[in-house]
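A.B. asks:
There are 2 protein chains.
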Amino acid sequence: MPRALAAIGFDADDTLWHNERLFRMTEARFVELLSDYADPRDLPARLLEAEKRNLARYGYGVKGFTLSMIETALEVTEGRAPGYIVRAILDAGREMLAHPVRLLPGAAETLERLAGDYRLLLITKGDLFDQERKVAQSGLGEFFSAVEIVSEKTPAIYARVFTRHGEGPARAMMVGNSLKSDVLPAIEAGAWGVHAPHELTWTLERCEPPKDAPRYREIARLDELPDLAAEIG
Amino acid sequence: MPRALAAIGFDADDTLWHNERLFRMTEARFVELLSDYADPRDLPARLLEAEKRNLARYGYGVKGFTLSMIETALEVTEGRAPGYIVRAILDAGREMLAHPVRLLPGAAETLERLAGDYRLLLITKGDLFDQERKVAQSGLGEFFSAVEIVSEKTPAIYARVFTRHGEGPARAMMVGNSLKSDVLPAIEAGAWGVHAPHELTWTLERCEPPKDAPRYREIARLDELPDLAAEIG
Numbered sequence: 001m002p003r004a005l006a007a008i009g010f011d012a013d014d015t016l017w018h019n020e021r022l023f024r025m026t027e028a029r030f031v032e033l034l035s036d037y038a039d040p041r042d043l044p045a046r047l048l049e050a051e052k053r054n055l056a057r058y059g060y061g062v063k064g065f066t067l068s069m070i071e072t073a074l075e076v077t078e079g080r081a082p083g084y085i086v087r088a089i090l091d092a093g094r095e096m097l098a099h100p101v102r103l104l105p106g107a108a109e110t111l112e113r114l115a116g117d118y119r120l121l122l123i124t125k126g127d128l129f130d131q132e133r134k135v136a137q138s139g140l141g142e143f144f145s146a147v148e149i150v151s152e153k154t155p156a157i158y159a160r161v162f163t164r165h166g167e168g169p170a171r172a173m174m175v176g177n178s179l180k181s182d183v184l185p186a187i188e189a190g191a192w193g194v195h196a197p198h199e200l201t202w203t204l205e206r207c208e209p210p211k212d213a214p215r216y217r218e219i220a221r222l223d224e225l226p227d228l229a230a231e232i233g
Numbered sequence: 001m002p003r004a005l006a007a008i009g010f011d012a013d014d015t016l017w018h019n020e021r022l023f024r025m026t027e028a029r030f031v032e033l034l035s036d037y038a039d040p041r042d043l044p045a046r047l048l049e050a051e052k053r054n055l056a057r058y059g060y061g062v063k064g065f066t067l068s069m070i071e072t073a074l075e076v077t078e079g080r081a082p083g084y085i086v087r088a089i090l091d092a093g094r095e096m097l098a099h100p101v102r103l104l105p106g107a108a109e110t111l112e113r114l115a116g117d118y119r120l121l122l123i124t125k126g127d128l129f130d131q132e133r134k135v136a137q138s139g140l141g142e143f144f145s146a147v148e149i150v151s152e153k154t155p156a157i158y159a160r161v162f163t164r165h166g167e168g169p170a171r172a173m174m175v176g177n178s179l180k181s182d183v184l185p186a187i188e189a190g191a192w193g194v195h196a197p198h199e200l201t202w203t204l205e206r207c208e209p210p211k212d213a214p215r216y217r218e219i220a221r222l223d224e225l226p227d228l229a230a231e232i233g
């Protein structure tokens, strides 16, 4: 009898390695830079507004975030942002793109334990170029049968990826820190959806856990995954 | 006997639809915006320097180009670029990302003629998000068995794509306007490389045609492709 589970998909940012804390650190620098021009307590919300407004044009990732910071700086200074501020924002964006990848606890060990028994897939959104760099730097690339960098995480995308690289969504599991992007659409596609919460999750990725979803699970730590997968089959 | 040719890969920008002319138009706006601060004849070279410097961090695409324009504006004004200039650059970048896709002559007809006989692949680099938008808007998506948006076009990438979606590079052909990205690395991977020159090609994509390469061809128009493919087999 074939295994109930053939493929396991992993989100990358804040599931396998730290990401959101780098955005928060950069946001803190941004607030500091503009503290003479606007109430620091308002700035994160102004920046988030710009990010939301630009999402349909820029998609996800550091370059779009950098452009949204520059736009917000112009807004809050009414076009009078001094050059050194814009330059500091450009520098901060480039530093994010050069920032070393820091794995989350248990990531490498868990993938190593699972890699012999299941086909592992990395399924992430964001800047193609930057995500490829992070996969390479993470040292985790060897555990994955395929790396799929996608522009949005929809049920149709999960169905396609799990069909292309596995035995279809019904025999697949998706693991990630975002209920909205990793868990709910995977369950809607017919897969198992496993929430691995991270203490920092971007506002736009937050939502309620699913109700009456027999294929929904939550784990506190990545190293719970091998037992969970074995239980399913 | 199987066909000698199983798959045909197409570059997208300036092979199937216009792209470079939008970059040139935006560059012209950029030069105009900064004409009080620097000799307009020097500005394109200054911008190109920034693009080259940033390529390893930003990769290809409109968002990186926008960030390089802002950086160059700060440079040539010695940090005194007025807010309206930075804002105009942000606007110009966003307009590029919303610009309608204009097909090159013969693109749709040629793909339609080839689609029955060969597996057609779209292989392009650039911003994932923006390229997916352009594929959708182009109306050409239905002709392709697969769309691969890659961060670099190397022989290894061509070998992987033609193996995944075809019968390997030896039975594949790559068609594009860039000798450097579309033709030479495909030939190095063992495929046919067909150059379809475009009147505008970005400086960083230019190079000499290959010598002693029996699998190199050049066409003046896309609609020469079906005969060329039939000749190969």
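Residue numbers (full-length UniProt numbering), protein chains in the order written: chain A, 1 to 233; chain B, 1 to 233. Every residue gets a Cβ at the ideal spot worked out from N, C-alpha and C, and that includes glycine.
Identify the continuous beta strand (DSSP E) that holds residue 107 of chain A and give its terminal residues.
C.D. replies: Residue numbering aside, residue 107 of chain A sits at position 107 when the first sequence is read from its first letter. Note, residue 107 of chain A: premise wrong, no beta strand (DSSP E); alpha helix (DSSP H) at 107–115.
A.B. asks: Helix, strand or coil for residue 84 of chain A? Go by DSSP, reduced to three states.
C.D. replies: Sequence index remark: in the first sequence, residue 84 of chain A carries index 84 (1-based). DSSP places residue 84 of chain A in helix when its eight states are reduced to three.
A.B. asks: Between the Cα of residue 103 of chain A and the Cα atoms of A:232, A:228, A:12, which residue gives the shortest distance?
C.D. replies: Reading the first sequence from its first residue, position 103 is the one you call residue 103 of chain A. Nearest of A:232, A:228, A:12 to residue 103 of chain A, Cα basis: A:12.
A.B. asks: Less than 8 Å separating the beta-carbons of residue 81 of chain B and residue 83 of chain A?
C.D. replies: As a working note, residue 81 of chain B is residue 81 in the second sequence. As a working note, residue 83 of chain A is residue 83 in the first sequence. Cβ distance < 8 Å, so residue 81 of chain B and residue 83 of chain A count as in contact.
A.B. asks: Quick one: using the 10 Å Cβ neighbour count with 16 as the cut-off for buried, is residue 79 of chain B buried or exposed?
C.D. replies: Taking the first residue of the second sequence as 1, we reach residue 79 of chain B at position 79. With fewer than 16 other Cβ atoms within 10 Å, it is exposed.
A.B. asks: Using the C-alpha atoms, what's the distance from residue 85 of chain B back to residue 159 of chain B?
C.D. replies: As a first step, residue 159 of chain B must be located in the second sequence, where it is residue number 159. As a first step, residue 85 of chain B must be located in the second sequence, where it is residue number 85. Going by the C-alpha atoms only, they are around 44 Å apart.
A.B. asks: Can you check whether the C-beta of residue 245 of chain A is within less than 8 Å of a C-beta belonging to chain B?
C.D. replies: The structure shown has nothing for residue 245 of chain A, since chain A only spans 1 to 233.
A.B. asks: When the cut-off is 8 Å and only beta carbons count, does residue 147 of chain A lie next to chain B?
C.D. replies: Here residue 147 of chain A is taken as the residue at index 147 of the first sequence, counted from 1. No, residue 147 of chain A lies away from the interface with chain B (no Cβ there is under 8 Å from its Cβ).
A.B. asks: Is it buried or exposed, residue 73 of chain B, if we count other Cβ atoms within 10 angstroms and call 16 or more buried?
C.D. replies: For the purposes of this step, residue 73 of chain B is identified with residue 73 of the second sequence, where counting begins at 1. It is buried - the Cβ of residue 73 of chain B has at least 16 other Cβ atoms within 10 Å.
A.B. asks: Between the alpha carbons of residue 188 of chain B and residue 53 of chain B, how many angstroms are there, rounded?
C.D. replies: As a first step, residue 188 of chain B is located in the second sequence; it is residue number 188 there, counting from the start. As a first step, residue 53 of chain B is located in the second sequence; it is residue number 53 there, counting from the start. So the alpha carbons of these two residues sit roughly 27 Å apart.
A.B. asks: Within this structure, are the beta carbons of residue 215 of chain A and residue 192 of chain A separated by less than 8 Å?
C.D. replies: As a working note, residue 215 of chain A is residue 215 in the first sequence. As a working note, residue 192 of chain A is residue 192 in the first sequence. Yes. Within cutoff.
A.B. asks: On the CB-based measure, 16 or more other CB atoms within 10 Å of its CB, does residue 138 of chain B come out buried or exposed?
C.D. replies: For the purposes of this step, residue 138 of chain B is taken as residue 138 along the second sequence, with counting starting at 1. Burial call: buried.
A.B. asks: When DSSP builds the beta bridges, which residues end up paired with residue 10 of chain B?
C.D. replies: Taking the second sequence and counting its residues from 1, one reaches residue 10 of chain B at position 10. B:122, B:175, per the DSSP bridge assignment.
A.B. asks: State the DSSP-derived secondary structure class of residue 198 of chain A, mapped to helix, strand or coil.
C.D. replies: Residue mapping note: residue 198 of chain A aligns to position 198 of the first sequence, counting from 1. Coil at residue 198 of chain A, not helix or strand.
A.B. asks: Can you pull the chain A residues whose beta carbon is under 9 Å from the beta carbon of residue 67 of chain B, in chain order?
C.D. replies: As a first step, residue 67 of chain B is located in the second sequence; it is residue number 67 there, counting from the start. Near residue 67 of chain B (Cβ distances below 9 Å), the residues of chain A are 63, 66, 67, 70, 90, 93, 94.
A.B. asks: Assess, as a yes-or-no matter, whether the segment 30–39 of chain A is touched by the segment 88–100 of chain A under the definition of 3 or more beta carbon pairs within less than 8 Å.
C.D. replies: Counting Cβ pairs under 8 Å, three or more are found: they touch.
A.B. asks: Looking at residue 113 of chain A: is its Cβ nearer than 8 Å to the Cβ of residue 145 of chain A?
C.D. replies: Sequence index remark: in the first sequence, residue 113 of chain A carries index 113 (1-based). Sequence index remark: in the first sequence, residue 145 of chain A carries index 145 (1-based). Not closer than 8 Å, so no.
A.B. asks: Could you give the residue range of the beta strand (DSSP E) that holds residue 146 of chain A?
C.D. replies: For the purposes of this step, residue 146 of chain A is taken as residue 146 along the first sequence, with counting starting at 1. Its beta strand (DSSP E) spans residues 146–150.
A.B. asks: Looking at C-alpha atoms only, which residue of A:115, A:217, A:176 is the closest neighbour of residue 199 of chain A?
C.D. replies: The residue you call residue 199 of chain A lines up with position 199 of the first sequence. Among A:115, A:217, A:176, the Cα nearest to that of residue 199 of chain A is on A:176.
A.B. asks: Let me make sure I understand the geometry here. Which of A:96, A:10, A:68 has the alpha-carbon closest to that of residue 26 of chain A?
C.D. replies: Here residue 26 of chain A refers to the residue found at position 26 of the first sequence. Here the closest residue by C-alpha is A:96.
A.B. asks: Using a Cβ-Cβ cut-off of 8 Å, state whether residue 163 of chain B counts as contacting chain E.
C.D. replies: Chain labels in this structure do not include chain E; the protein chains are A and B.
A.B. asks: If you measure from the beta carbon of residue 151 of chain A to each beta carbon in chain B, is any gap under 8 Å?
C.D. replies: As a working mapping, residue 151 of chain A is identified with position 151 in the first sequence. Taking Cβ atoms only, chain B reaches closer than 8 Å to residue 151 of chain A, which makes this a yes.
A.B. asks: Measuring straight from C-alpha to C-alpha, what distance separates residue 128 of chain B and residue 49 of chain B?
C.D. replies: Taking the first residue of the second sequence as position 1, residue 128 of chain B is located at position 128. Taking the first residue of the second sequence as position 1, residue 49 of chain B is located at position 49. Approximately 24 Å between the Cα atoms of the pair.
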